[in-house]
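Residue numbers (this note's numbering): -13 to 363. The next block holds one structure in the form of structure tokens; read it before the comments.
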Amino acid sequence: MKTLTLYEQRGGNVSAAYEYAVVYNQSEGITIMLIIFLSIMVVLIVLGNSVVILAFIVDRRLRTRSNFFLLNLSICDFLVGAASISMYIPYKFTGKWILGKFLCKLWITIDFTITTASAYSVVLISYDRFLSVNEAVVHRSLQNRHRRTAFNMSLVWILAFLVYGPAVLLWDIITGTSHLQGDKCYAAFLEIWFFTLGASTLDFMLPLLSISFFNLRIYLEIIKRSSKRLNSSIPSSLPFSITDNTVFSSPQTNEKGQSISIPCAEIRITSTSPQNSEGCNVHISSDKLSQDKKAAKSLAILVSVFFLCWTPYSFLASIRAACRGYCADYFYIEVTLWFIYTNSAINPILYPVCHKSFRQAFKLLLERFIKFFLKEQ
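Structure, rendered in structure tokens:
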């Protein structure tokens, strides 16, 4: 039998920071299996999200505002595997931190920041989908505002850092004592229950409420538009109808005889005469509704996976913080912790499943890889 010394977590966000020693007797075989499992998890997370990031580099068609927010989430997930879990594994199975105080604080800061940024990224994605469905004119106006997109992505990381970063880095200065001694690596503020509850509210409860609000508004908007479409009687002889995001060409000319294009946000058609259809190439209005439904479904899948992976840990960690660590067994905290890390491995699979553009980009990336491999041969 091999004795593993672990350190029990005290509430709060996802972190590998432990203080109170708990000794578990595990067979060496189980220990080896856990190490293999966690190592495979790291490989899947890093490899899967690397493919997503490379797809953005290879295929310029992916570089839309909405997809950039997915890229932001993928970067978070990549760092979860490359930084959080990879450094957590040796500490978990040895119970000793051997990399020094500076790297300990850096690791805890990165761990807290990227997991919080992951939750905030899902909020940003939900908000973008909300604008696309409920505020289409506003969403169109933002498509080419790349600085605004970059600002939103940066804001996610800044806010995520501010939730825990200052507390991790400045705690020794604030308290006047150093809590990191020997071979331990943990965040001292996890001992303070009201801090952990407040931080958990900022890094999970508020994002969850925001995500729920945006998704509910999207759902209600689609239901309303579907109902209107069913109740409206459109003559079968009507040559066309206009979507709210269609820009179509008209044979009208200006004073110089040059043809011009007329952008239309909305057109109500009152005539069915042939002359109405001669000047415009349009999409059927139901296409926009169909696209919004697909976008809502893909978002619902992403959010559902996020909810299932994050809720158990956040719920137990909050309870544990409230009752000072006496009413939630560490074993369940440990199990639910890996649900969150599993989310980072699932997300790269959801992108091509839910988005045709990602499937095309992955196919292009695979073709280029095969060509490069054959050329090297």
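Every residue, glycine too, gets a C-beta built ideally from N, C-alpha and C. A quick note: this is a predicted structure, and the numbers were derived from the prediction, not measured.
Per the coordinates, the alpha-carbon of residue 77 lies some 14 Å from the alpha-carbon of residue 91. Nearest to residue 294 by alpha-carbon distance, out of 330, 278, 129, 313, is 330. Going by DSSP, residue 187 is part of no alpha helix (DSSP H) at all; its letter is neither H nor E.
DSSP places residue 25 inside the alpha helix (DSSP H), whose first and last residues are 14 to 44. Ranked by Cα distance from residue 162, the options 170, 168, 174, 151 are led by 174. The segment 187 to 203 makes contact with the segment 100 to 112: 3 or more CB pairs, one atom from each, lie closer than 8 Å. Taking C-beta atoms under 8 Å as the contact rule, residue 31 and residue 75 fail to qualify, at a distance of about 12 Å. Within the model, the alpha-carbon separation for residue 306 versus residue 312 is close to 7 Å.
When secondary structure is reduced to three states using DSSP, residue 328 falls in the helix class. When 301, 142, 187, 148 are compared, the shortest CA-CA separation from residue 106 is found for 142.
Secondary structure of residue 179 (DSSP, three-state): helix. Distances from the alpha-carbon of residue 119 to those of 283, 154, 192, 69 put 283 closest. Contact between the segment 130 to 140 and the segment 286 to 302 is not established, with fewer than three Cβ pairs separated by less than 8 Å. In the displayed model, residue 129 falls within coil according to three-state DSSP, outside both helix and strand. Rounded to whole angstroms, the separation of the alpha carbons of residue 169 and residue 83 is 5 Å. Between residue 25 and residue 182, the gap from beta carbon to beta carbon reaches 9 Å or more. For residue 86, the enclosing alpha helix (DSSP H) stretches over residues 86 to 120. The C-beta separation of residue 149 from residue 185 comes to about 6 Å, placing the pair in contact by the 8 Å criterion. 9 Å or more divides the Cβ of residue 67 from the Cβ of residue 37. Nearest Cα to residue 43 within the set 52, 57, 33: 57. Residue 298 places its beta carbon 9 Å or farther from that of residue 317. Cβ-Cβ separation between residue 201 and residue 286: approximately 7 Å, consistent with a contact (criterion under 8 Å). Between residue 145 and residue 333, the gap from beta carbon to beta carbon reaches 9 Å or more. Closest by C-alpha distance to residue 61, out of 104, 70, 180, is 104. For residue 295, the secondary structure class from DSSP, reduced to helix, strand or coil, is helix.
Only buried fits residue 193, as 16 or more other CB atoms lie within 10 angstroms of its CB.
Per DSSP, residue 347 is one residue of the alpha helix (DSSP H) stretching across 342 to 362. Of the candidates 308, 87, 340, 315, the residue whose Cα lies closest to the Cα of residue 180 is 308.
Assigned with DSSP and collapsed to three states, residue 273 falls in helix. Proximity to residue 172 across 98, 124, 339, 217 peaks at 98, based on C-alpha coordinates. For residue 71, no alpha helix (DSSP H) encloses it, and the DSSP letter there is neither H nor E.
Distance from the CA of residue 39 to the CA of residue 356, rounded to the nearest whole angstrom, comes to 18 Å.
Counting along the chain, residue 169 sits inside no alpha helix (DSSP H), nor does DSSP assign it H or E at all.
For residue 86, the number of other beta carbons within 10 angstroms of its own is below 16, and it is reported as exposed. DSSP, reduced to helix, strand and coil, places residue 151 within a helical segment of the structure shown. In summary, residue 176 is buried, with 16 or more beta-carbon neighbours lying within 10 Å of its beta-carbon over all protein chains present.
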